[in-house]
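Working notes for the structure below.
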Amino acid sequence: MEFKLSDDAIMIRNVASEYLKEKCTGAFLREMARDDRGFSRTMWREIAELGWLGILYDEEYGGSAAGFLDMFVIFEEMGKVLFPSPLFCSAILSGLIISEAGSESCRSVHLPAIIRGDEIFTTALLDERGKIDCDDPILAATESSKGVYAMQGTRLLVPYAHVADRMIVCAKAAGAAGEGSTLFQVEKGAGQEIVPLETMSGGKTFALVFEGTEVHSDSIIGTVGQGAVYIHRILPKVIALKCAEMLGGLQRVVAMTVGYVKERRQFGAPLGSLQAVQHHCADMATYLETTRLIAYQAASLISEGLPCEKEVAMAKAWCSDAYKQATWIGHQLHGGIGFTEEYDLHFFYKHAKESELAFGDARSHRAAVADFMGI
Amino acid sequence: MRFHFTEEQEAFRREVRDFLREERDAGTFATDVGELVGRPSLEFSRKLAKRGWIGMTWPRQYGGQGRSYVDKMILNEELMKVQAPIGYHFAADRQVGPALMIFGAEWQKEFFLPRIIRAEEHMKFCLLFSEPGAGSDLVAVSTRAEKDGDHYVINGQKVWTSGGHEADYGWMLARTNLDSSVPKHQGCSEFIIDMKTPGITVRPVINMAGEHSFNEVFFDGVRIDRKYLVGKENAGFQQIMAQMDYERAGIERLLQNYPIYERLIGHVRKMDKGGGDQGFYYWVRDQVAQLEIEFNVGRLLCYQTAWIIDQGRKPSSEAALTKAFCTQYEQRLNDLATRILGPLSQIKKGGPWSAFDGLPARGYLWGPSYTLQGGSVEVLKNILAQRGLGLPRR
């Protein structure tokens, strides 16, 4: 057992931390919330130059093929400041799908552009019930004429759809080439409606409505009928990185709160000298340390190519509850000031809830753990 | 970061498991739950001693194996999972030995360390810390050890002394500076007490599980040679703080009821998934999965604490966090087991209708002690907040 990062990973973390601390301030977050695009093009170019988009990919595509933990620590740092960008939906979710499912030509066409940040991809996994329906998609792609499908259905909570060059969906295909869960990459165009959704956490997310959208068969990624297989293969990495982001946010909440109760004075003493406050902080520290271990366990196994599905489920289950509970304690200890827009704590409260609900909450991953236990 | 063990460590774990399986099959011991560690058995401790499994982490110069705390935790994990009878040497191995190595006089090291390591006769230790007036507030100890020439004379009373009735020696904290102007934490000393010394009375205290595990120990004019002082006079409280970290760092805090957990999983695996009460079944799955995650988290916390010690650092706030977390898991495990097994889980051992041979009934009765013994959860959270997070004391 080894409970510290390699020197390389620490270095990458320090670079990320310096960069993000300086640029991604509370003021910046508020500016991006008001901004139509929702992220900074300059910073997008800068992180592409830093190589953040290519960490998971081979050098032949312009990636650095660095270890999974390097990506994990970057996500941790991004989580600390809630850095808004299409990195997750483009270079992680979509990039991994293309990497896993795409033919050699598909990969060589799209991955370099994704990794350079020249192209922004997003992936639309949720149906109109808010569920990941890839096993039996409600979204339909029916062959209307030779090599052309008509896509019909709705996708919800699609990140950055408004700026995405291409969108990946998993639809139920029906046609000469075969049937079943199939991945398509769709360009923006006729027969689609992109509707902005205003959510609690305020990120740029959209509804995508396909009304008989024409999609060519050469936009199919991988084999017809295998869409769900590809998605399930990449989900552990995706979820582990989401846990990294949650870990970062949780760290910040604890730091913010402990800092606050050391400063804030009531009853003639720092709030942090009261035992109830100390116990709440101890609980937060426990949430943080336990989350750190269970999340790094999943990531470490992934980085070594070892079986990890149960550990990923355990991590997401644990993180989902721990991060959220920590934000509740954080708010309780901050009192009124934490409830203002002006104070930064609410960003993390909202992020914790959004993260909890993304890719399966604690209950759904506990069910997966139960499956792995054979009970 | 690495979350698995080396080949050697896995081989070591298998070696321990094989040994325990043989012993259990031979009827040397039976797996039960309840006390923190299994019953004292000189014979069993000797078997471990022969394999170098006592004092594993002690330096070779003291007869130890110089192995890592992670290795020791692997050994302890396997021993605790089956509740092997290690009670004879456990306290001495865990904290008496390490304390003597740091603070002990030469004669104490030469006398006790080899005897502990070899599990010789008359080497069982108990801990004499708590008093009626000093539980969580350990610094309030009032049992006094007053110097009288070449002796100390001890008067006072200890309580919650686990295994005191079977101990050969006691490891004691007593007040040696009675000057009330001296801060309380600067007036205590540590002593080794021969439990056969005249003037010591051990009286059983029956716990709510109906068992005799701990005791009151009375000291009435007990004269001990001053050579039994450990370390510096009046530095006892400081000396003890490091020992507390070791006391709290163990995986025993997570595994006291492991036999119940193991059987519970087996029981749930055999549950009727098709018919019956579907709502109950899915609730059980959800609850047991949560326990499994907590168990995994607790296990990582324990191994990380061992690793921290191996790095040469003191794990004070980490050990406190770990113990608080693990002991609360233990309580939830027992509670959940009774709720899953239902009313029959109340039936104690000995009848044909008890669930799991009465293990849950016994485990649940011991439950309140888990979050109290060795530092209550509240004290541990204070430590975590003050030492770990730097929050100010009142």
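Here the protein sequences come in this chain order: A and B. Mapping the first sequence onto our numbering, position 364 (from 1) lands on 1078, and the numbers just tick up by one. Mapping the second sequence onto our numbering, position 299 (from 1) lands on 665, and the numbers just tick up by one. Quick reminder that beta carbons are idealized off the backbone N, C-alpha and C, glycines included. Since the structure is predicted, the reported quantities are computational estimates derived from the model, not experimental observations.
Per DSSP, the unbroken alpha helix (DSSP H) holding P826 of chain A starts and ends at 818-830.
Interface residue (Cβ-Cβ distance to chain A less than 9 angstroms): V505 of chain B is not classified as such. For C803 of chain A, the nearest beta carbon of chain B is not closer than 9 angstroms to its own beta carbon. Taken in chain order, the whole beta strand (DSSP E) runs of length 3 or more contained in the stretch 849-893 of chain A are 854-859, 862-873, 880-889. Cβ atoms of L839 of chain A and I846 of chain A come within 8 angstroms of each other, at about 5 angstroms.
Counting along the chain, M446 of chain B sits inside the alpha helix (DSSP H) bounded by residues 435-447. The shortest C-alpha to C-alpha distance from V382 of chain B to any of B:I520, B:M439, B:R698, B:T671 is the one to B:M439. Take the alpha-carbon of L767 of chain A and the one of T927 of chain A: they are about 30 angstroms apart.
A distance below 9 angstroms separates the beta carbons of Q1011 of chain A and A1029 of chain A.
For the stretch 484-557 of chain B, the continuous beta strand (DSSP E) assignments of 3+ residues that do not extend past its boundaries occur at 491-494, 510-514, 517-524, 535-541, in sequence order. Distance from the CA atom of H488 of chain B to the CA atom of R629 of chain B, rounded to whole angstroms, is 36 angstroms. Secondary structure of E582 of chain B (DSSP, three-state): strand.
Against Q670 of chain B, the close residues of chain A are M715, F717, E1003, L1007, in the order they occur along the chain (beta-carbon pairs closer than 9 angstroms). With respect to chain A, the C-beta atom of N700 of chain B has no partner C-beta closer than 9 angstroms. Annotated as proximal: M1087 of chain A and A655 of chain B, with beta-carbon spacing under 9 angstroms. Note: Q980 of chain A is bridge-paired with A:A983 in the DSSP secondary-structure output. The alpha-carbon of S858 of chain A is positioned some 8 angstroms away from that of G889 of chain A. Residue burial annotation: P734 of chain B is exposed, with fewer than 16 other C-beta atoms found within 10 angstroms of its C-beta.
With respect to the C-alpha of H1060 of chain A, the residue from A:L870, A:V909, A:T971, A:G892 having the closest C-alpha is A:T971. When DSSP reads this structure, S895 of chain A sits in a beta bridge with A:K886. A distance of 9 angstroms or more separates the beta carbons of R1080 of chain A and R592 of chain B. Ranked by Cα distance from R390 of chain B, the options B:W649, B:I626, B:L402, B:P451 are led by B:P451. Q1011 of chain A: member of the alpha helix (DSSP H) spanning 989-1017, first to last residue. The DSSP-derived three-state label of H1060 of chain A is helix.
Distance between E760 of chain A and S987 of chain A, taken at the CA atoms: about 43 angstroms. Judged by pairs of C-beta atoms under 8 angstroms, the stretch 997-1015 of chain A touches the stretch 951-961 of chain A, as three or more such pairs exist. Residue B:M446 holds the alpha-carbon nearest to the alpha-carbon of R379 of chain B among B:V519, B:M446, B:G501. L595 of chain B is bridged by DSSP to B:F557. For L922 of chain A, the three-state secondary structure derived from DSSP is strand.
Taking the Cβ atoms as the reference, T896 of chain A lies roughly 7 angstroms from A855 of chain A, within the contact range of under 8 angstroms. G733 of chain B sits in a helix when the DSSP states are folded into three classes.
At a cut-off of 9 angstroms, the C-beta of V967 of chain A has no neighbouring C-beta in chain B. Residue state for P798 of chain A is assigned as coil, using DSSP reduced to three classes. Taken through DSSP and simplified to helix, strand or coil, T704 of chain B comes out as helix. Judged by DSSP secondary structure, L630 of chain B falls within the alpha helix (DSSP H) whose first and last residues are 624-635. Contact between the stretch 539-559 of chain B and the stretch 582-596 of chain B is present, with at least three C-beta pairs closer than 8 angstroms.
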